[in-house]
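**Student:**
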Amino acid sequence: MRISIIGPEGSGKTVLIAMLSRYVATARTELVLEPLDYLSSQYVVDALNSLEKGDWPPSTREGAPKVVKWRFGHRAKAAHEIELMDSAGQDLRRILLEDKVDSLTADQKETRKALDGSKVLIYMIDLGGFLGTRELGVLNENAWLLKTFLTRKEWRNKQRMVVLSKAELYGDMLATPSDQKDEAARIRELVKRHLPKNYTLDHLVDEATDVGYHAVTSVATKTTVDSEGSPIWTPRIPLESFGMGRLVDALVIGLTSDFQRSLKRVRMKLRTVVLRCKAKAKTSGAKEATATDKFVGGQNQGHLSSVGGARTAVSLSALLLVMLGSLIGGALGVWLGGTAGAVWGVILGAICGGILGGTQRSQNSKCCASEKKP
Amino acid sequence: MNDVVDAFLHLLHDSEQCIRNSPGYCRSEGLVNFLRDFRLKRINPIHNRLQHVNGNRYVLSMVGLTNVGKSTLAHALLGHPVAPRRNGPATSIPVEYERGEVWLIKTCLLQSRSIQTDRFDSPRSLGQALERRVFDLPGEQASKIERLLVRGPMELLDGGLVFADTPGFGAAQPDDAQGSHQARLSAYVRKHIHEVLFCVSGADCTVKKEEVEFFETIRELCSTVVVTKWDSEPDMREREIQAYKSKFADLFPLCGFMFIEAKWALEGRANGTAGKLEASGIDELCALIRQRNSIAGRHATLRYQLNEAWEDLLELARDPLRESGHAAIPWRDDAILRLGGAAKRSGVSLRSLP
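These protein sequences, in sequence, are chains A and B.
Quick note: the first sequence uses the working numbering, first residue -2, plus one each step.
Quick note: the second sequence uses the working numbering, first residue 151, plus one each step.
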């Protein structure tokens, strides 16, 4: 099973892979993450050697995507075979943004094919690529890469994660007061807040509800001054990382239990339907919005008159869940015990669907209530 | 404290880059150059100093021309006759004073990388032996000695501070090529010293050109100018101090000033005359040294310097902002938040931080 890590140059892919290897070996001994060949082991060793000296590993060379093969999983039983694909930023641009397949090199075509064949995709973002530059070319490129990751149709059925790297540099931004209690939601809000506004990226982030969000500090840093007196971030020795535990947990969950993932996917799709209904309701309610509507940091500060539309969407989703529950229950009942079994199956299925719908409804009611406040 | 200084450094640098990369940069070139200049001259030195303030060994040194009165001042500060004094040229061996249980001199030998230790019964016998090593050794022999470490029960150095007395620059040295003494002294200061008290003589109210030139070579390390042999009458003291500062302060930017007559301090202690001791001005220098004796004290000094830098930045930025057409400095979002967060956690208050 293949996991691919992609992201623009400087987003921290190589450092993440190297430190993940060390983390699992030292802090998660119930798991195994070991290289399957010499090249893969040397790749990690070289990266760790650089870091131990207080330097960053060199960027992956263009035209030479690294395929690092590891065995990953619980130590007790047969583990998954993982291929970690580390592409150079320049390669990534061509692979993702180039429409004409014929203009890609053989290596790039193979990389695109391999990415399309991956089960898990991790996209790394260094927010500095959006905040730190007003250079339109760089901003444009980074925005399109993220957009492609979120919308590429070949990838919609895969498990996807956005990993915010160098999280310690954005700790104060993450700590900014937010309505979101869940950390993943806070990270998503932070990413949305700092995306360029003219790419509809914040809507895409909202719609891609199956995408998980994590923040990691692969290596804690300190400031040194170079020969020209400019400050640079360098790895702090001894090497220290933060947030690796949650990322590893997410990977473990992602690689096990296809059924659980499928169920989650169904729920996510239903949530997407709900959100689209809400968005439509907002558009129709926009005429009633007050003149004080404005975006501040990517969040709509205006008064929303779309609560009625949102409630309609919630009721619809609850009904859908009840129907789905009934169908599944009925089918199981027929398979297990004939007509009587089918009847009981329908009843039980409807109850389960109703419970799921009720949970959905109470969560969305809270959202509706908070949206009412100007 | 490290976080605040790092954040300040990155704020200036990252915002410079941001403005440089934004459309319409040519209008803001003056602002970018101002931010860069300010960073290099004010914040980089603070960052450099911070690398040493957390260490166990912090070396504070007097540096000045020959015969400005450094050794007399050292004697008055340390309270024991352990600082070698003589008019005329001295060999170029720095002496470092540290607190210890017994009186001893450790001679650090360059070539053999070894240390020779000699113990003494009293500070007076130590002082005499030290004088022979500093003044009477032939140049060739003296060049084999890297430095002399003096240890003894000196109260002022209770917290682990190392106080260094360096040979005076500017005088002709026996057996020495012209300029090499000064070069060796400059190299020693850059390598071993963390903070400099730059001593100038106030006897004739002048500052020599070579003093200014040498100051420029070690400017980043200098925190205070100590004007020695300052024997003005109490009722004239304040006025004469102001006159001196208005005349010479611009030669020593970003330095505080202290005015001291070390001989009065020695007389005051010997005779028990509190008035003489107070008039000498030595208490102020003792207080500075005691503050440097602890990490918290050093951080307090840096905190003050950082605050001062921030205030100066806001003030000095007005002209570049006006020229570039910005109402306020266009800080990079994450960098300014980072500085705010770090300042709050460290208890540093920076006015008008967005």
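From the three backbone atoms N, C-alpha and C, an ideal C-beta is built for every residue, glycine too.
Just so it is clear, the structure is predicted and the values come from calculations on it, not from any experiment.
(1) Of all the residues that make up the region 155 to 167 of chain A, which are near chain B by a beta-carbon distance shorter than 8 Å?
(2) Can you find a C-beta in chain B that's less than 9 Å from the C-beta of M121 (chain A)?
(3) Give me the chain B residues within the contact set of S445 (chain A), using Cβ-Cβ distance strictly less than 7 Å, ordered along the chain.
(4) Report the option in A:G134, A:K189, A:D179, A:G125 whose CA atom is closest to the CA atom of L147 (chain A).
(5) According to DSSP, is T2 (chain A) part of a helix, a strand, or is it coil?
(6) Taking the beta strand (DSSP E) that W230 (chain A) belongs to, which residues open and close that run?
(7) Taking three-plus beta-carbon pairs below 8 Å as touching, is the region 292 to 304 of chain B in contact with the region 202 to 213 of chain B?
(8) Go through its chain and collect everything with a Cβ distance to H230 (chain B)'s Cβ below 6 Å, but skip five positions before and after it.
(9) Just verifying my parser: in three-state terms, what is the DSSP assignment at A424 (chain B)?
(10) If you draw a straight line from the C-alpha of I344 (chain A) to the C-alpha of V270 (chain A), how long is it?
(11) The alpha helix (DSSP H) that contains L33 (chain A), what's its start and end?
(12) Can you tell which of B:W253, B:E370, B:T257, B:T222 has the C-alpha that lies nearest to the C-alpha of I243 (chain B)?
(13) Could you pull out every unbroken alpha helix (DSSP H) segment of at least 4 residues lying fully inside the region 378 to 420 of chain B, listed in chain order?
(14) Does the beta-carbon of M170 (chain A) have 16 or more other beta-carbons within 10 angstroms, so that it is buried, or is it exposed?
(15) Would you mind sorting G4 (chain A) into buried or exposed? The rule is 16 or more other CB atoms within 10 Å of its CB.
(16) Anything in the region 183 to 197 of chain B with a Cβ closer than 8 Å to a Cβ of chain A? List those residues in chain order, please.
(17) How would you call D483 (chain B), buried or exposed, if buried means at least 16 neighbouring beta carbons within 10 angstroms?
(18) G318 (chain B) versus chain A: which residues are under 8 Å apart at the beta carbon?
(19) Assuming contact is defined by CB atoms lying nearer than 9 Å, are F319 (chain B) and T222 (chain B) in contact in what I supplied?
(20) If you drop the 5 nearest sequence neighbours on each side, which residues of the same chain put their C-beta closer than 6 Å to that of L13 (chain A)?
(21) For a contact meaning CB atoms closer than 7 Å, what does L159 (chain B) contact in chain A?
(22) Kindly list, in the order they appear in chain A, the residues whose Cβ is closer than 9 Å to that of R488 (chain B).
(23) Starting from the N-terminal side, write out each stretch of the alpha helix (DSSP H) that is 4 residues or longer and does not extend beyond the region 96 to 152 of chain A.
(24) Mind pulling the chain B residues with CB within less than 7 Å of L124 (chain A)?
(25) What would DSSP say about V339 (chain B), mapped onto helix, strand or coil?
(26) From the beta carbon of N421 (chain B), is the nearest beta carbon of chain A less than 9 Å away?
(27) Could you confirm whether any beta carbon from chain B is found closer than 9 Å to the beta carbon of K284 (chain A)?
(28) Using a Cβ-Cβ cut-off of 9 Å, state whether P5 (chain A) counts as contacting chain B.
(29) Starting from the C-beta of R25 (chain A), find all residues in its chain whose C-beta is less than 7 Å away, skip the five residues before and the five after it, and write them out in chain order.
(30) What would DSSP say about D207 (chain A), mapped onto helix, strand or coil?
(31) Comparing the C-beta of R424 (chain B) with each C-beta of chain A, is any distance below 9 Å?
(32) I'd like to check one pair, L33 (chain A) with W67 (chain A): are the Cβ atoms closer than 9 Å?
(33) In whole angstroms, give me the CA-to-CA distance for I265 (chain B) and V284 (chain B).
(34) DSSP three-state call for M304 (chain B): helix, strand or coil?
(35) Which residue spans inside the region 440 to 489 of chain B form an unbroken beta strand (DSSP E) run of at least 3?
(36) Does DSSP put I265 (chain B) in a helix, in a strand, or in coil?
**Tutor:** The structure says:
(1) L166, Y167
(2) no
(3) Any question about residue 445 (chain A) goes unanswered here, given that chain A covers just -2 to 371.
(4) A:K189
(5) The sequence as given places Ile at residue 2 (chain A); Thr does not occur at that position. Three-state result, I2 (chain A): strand.
(6) 228 to 232
(7) no
(8) P273
(9) helix
(10) 25 Å
(11) Here L33 (chain A) belongs to no alpha helix (DSSP H), and DSSP marks it neither H nor E.
(12) B:T257
(13) 384 to 398
(14) buried
(15) buried
(16) R189, L190, N194, H197
(17) buried
(18) Residues of chain A passing the Cβ test: none, with the nearest at roughly 31 Å.
(19) no
(20) S215
(21) T220, P228
(22) L166, Y167, G168, D169, M170
(23) 103 to 113, 125 to 128, 133 to 148
(24) D484
(25) helix
(26) no
(27) Residue confidence for K284 (chain A) is low, a pLDDT of 41 falling below 50, so the modelled location carries little weight; the figure read from the coordinates is stated next. Not one chain B Cβ lies under 9 Å of K284 (chain A).
(28) no
(29) V245
(30) coil
(31) Checking the sequence shown, residue 424 (chain B) turns out to be Ala, not Arg. False, the Cβ-Cβ gap to chain A never drops below 9 Å.
(32) yes
(33) 16 Å
(34) coil
(35) none
(36) strand
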